[in-house]
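See below for the structure under consideration.
2 protein chains.
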Amino acid sequence: MPDNIQCPDCKRINEVLSRVGDRWSFLVVFSLARYGTLRFNELKRSLGISQRMLSLTLKQLERDGLVHRTYHPSIPPKVEYTLTETGRSFHEPVNALGLWALENLDKIETARRAYDETV
Amino acid sequence: MPDNIQCPDCKRINEVLSRVGDRWSFLVVFSLARYGTLRFNELKRSLGISQRMLSLTLKQLERDGLVHRTYHPSIPPKVEYTLTETGRSFHEPVNALGLWALENLDKIETARRAYDETV
DNA sequence: CGGTATCCTCACGGATACTG
DNA sequence: CAGTATCCGTGAGGATACCG
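From first to last, the protein sequence lines are chains A and B. Each residue of the first sequence is one higher than the one before, counting from 1 in the UniProt record's numbering. Each residue of the second sequence is one higher than the one before, counting from 1 in the UniProt record's numbering.
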């Protein structure tokens, strides 16, 4: 790497991650991909997320074109969320990350304990 | 989804992501995977990260067993960082995410503008 | 060069209450 | 049910200064 330039892609990757790279966005996409369609409170229970953060996260994801929102004007109201095509394509790397996480949690905890003992 | 239980994997995924799922960790792993070995200040310039955050991020990644640190006691000192095997395996999903980010930045910005106009 | 220490700010995010 | 509004605490993270 030439030492006076930045990692050429990191800046752009950073931009995208700062939009859809937070933990709640990951988990919402992960959940919607798994279950297809979920209502607001189903997502809320599913993720253990606060009402406020879910509302904010869903609005961002809708704005960025990853999530589609369908409002059924019944009483009580019913709102369903699904992934858009872009959202589904985002699911692939998100899922890969989730699987890696599940597979490596133990390894990380072991490494962490080992590290802490040497200190 | 049964409506009274949580997304079964989300809790564990959340745990791992809360450790290695921050943006700086992603970018450090992404950079180290691409360039192999980098010194502290090379990483710093490469990522546009503050000295403090890079120091903290590297220490976490070393602790979690994703990054290996080699100290050369010369004058001036020289410290090189590489990925461990776990770190390299982490690179796969991180890279997938990075590539997705690069491919979809435009699409996201377009969706965002469209959304903002309807409001 | 490769850090640590300190200070300071602001955004993340929970708790609670209220509404159509 | 599906939000919005408000308040508030904590922690992420930059800026700066200093050190071996």
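Note that beta-carbon positions come from the ideal geometry of N, C-alpha and C, so glycine has one too.
Original post:
Among the residues of its own chain, which have a CB less than 6 angstroms from the CB of residue 70 of chain A, if the five just before and after it don't count?
Top reply: 80
Subject >> Of the listed residues A:101, A:115, A:107, nearest to residue 10 of chain B (C-alpha basis) >> reply: A:101
Subject >> With 16 other Cβ atoms within 10 Å as the buried cut-off, status of residue 72 of chain B >> reply: exposed
Subject >> DSSP three-state assignment for residue 3 of chain A, whether helix, strand or coil >> reply: Reliability fails at residue 3 of chain A, whose pLDDT of 42 lies under 50, so the model's placement of it is uncertain and no value is given.
**OP:** Report the residue from A:103, A:85, A:35, A:62 whose alpha carbon sits nearest the alpha carbon of residue 15 of chain B.
**Re:** A:103
**OP:** May I have the straight-line CA-CA distance separating residue 114 of chain A from residue 50 of chain B, to the nearest angstrom?
**Re:** 28 angstroms
**OP:** With residue 70 of chain B as the anchor, note down where its beta strand (DSSP E) starts and where it stops.
**Re:** 67-72
Subject >> residue 118 of chain B: first and last residue of the uninterrupted alpha helix (DSSP H) it sits in >> reply: 85-118
**OP:** Assign residue 20 of chain A to buried or exposed, taking buried as 16 or more other Cβ atoms, counted over all protein chains shown, within 10 Å of its Cβ.
**Re:** buried
Original post:
Exposed or buried, which one is residue 8 of chain A when buried takes at least 16 other CB atoms within 10 Å?
Top reply: exposed
Original post:
From this set, A:90, A:17, A:34, A:55, which residue's C-alpha is nearest residue 41 of chain A's C-alpha?
Top reply: A:55
Original post:
In whole angstroms, what separates the C-alpha of residue 95 of chain A from that of residue 47 of chain A?
Top reply: 15 angstroms
**OP:** Using the Cα positions of residue 3 of chain B and residue 78 of chain A, report the straight-line distance between them to the nearest angstrom.
**Re:** For residue 3 of chain B, the pLDDT reaches just 41, beneath the cut-off of 50, and the residue's location in the model is therefore unreliable, although a value from the coordinates is still provided. Rounded to whole angstroms, residue 3 of chain B to residue 78 of chain A spans 15 angstroms at the Cα level.
Original post:
Taking the alpha carbon of residue 105 of chain B as the point to measure from, which residue in A:105, A:59, A:87 has its own alpha carbon closest?
Top reply: A:87
**OP:** Use the C-beta contact count for residue 76 of chain A: other C-beta atoms within 10 angstroms, 16 or more gives buried, fewer gives exposed.
**Re:** exposed
**OP:** Specify the secondary structure class of residue 37 of chain B as computed by DSSP and reduced to three states.
**Re:** coil
Subject >> Residue burial classification, residue 110 of chain A (beta-carbon count within 10 angstroms, cutoff 16) >> reply: exposed
Original post:
Alpha carbon to alpha carbon, how far is residue 18 of chain B from residue 24 of chain A?
Top reply: 11 angstroms
Original post:
Exposed or buried, residue 74 of chain A, counting other C-beta atoms within 10 Å across all chains shown (16 or more means buried)?
Top reply: exposed
Original post:
Name the chain A residues that come within less than 9 angstroms of residue 30 of chain B, Cβ to Cβ?
Top reply: 7, 9, 10, 13
Original post:
Which first and last residues belong to the alpha helix (DSSP H) in which residue 49 of chain B is found?
Top reply: Run containing residue 49 of chain B: none; DSSP gives neither H nor E here.
**OP:** Note the first and the last residue of the continuous alpha helix (DSSP H) segment covering residue 13 of chain B.
**Re:** 10-20
Original post:
Just how far apart, CA to CA, sit residue 52 of chain A and residue 28 of chain A?
Top reply: 14 angstroms
**OP:** Evaluate residue 119 of chain A with the Cβ neighbour count: other Cβ atoms within 10 Å of its Cβ, from every protein chain shown; 16 or more gives buried, anything less gives exposed.
**Re:** exposed
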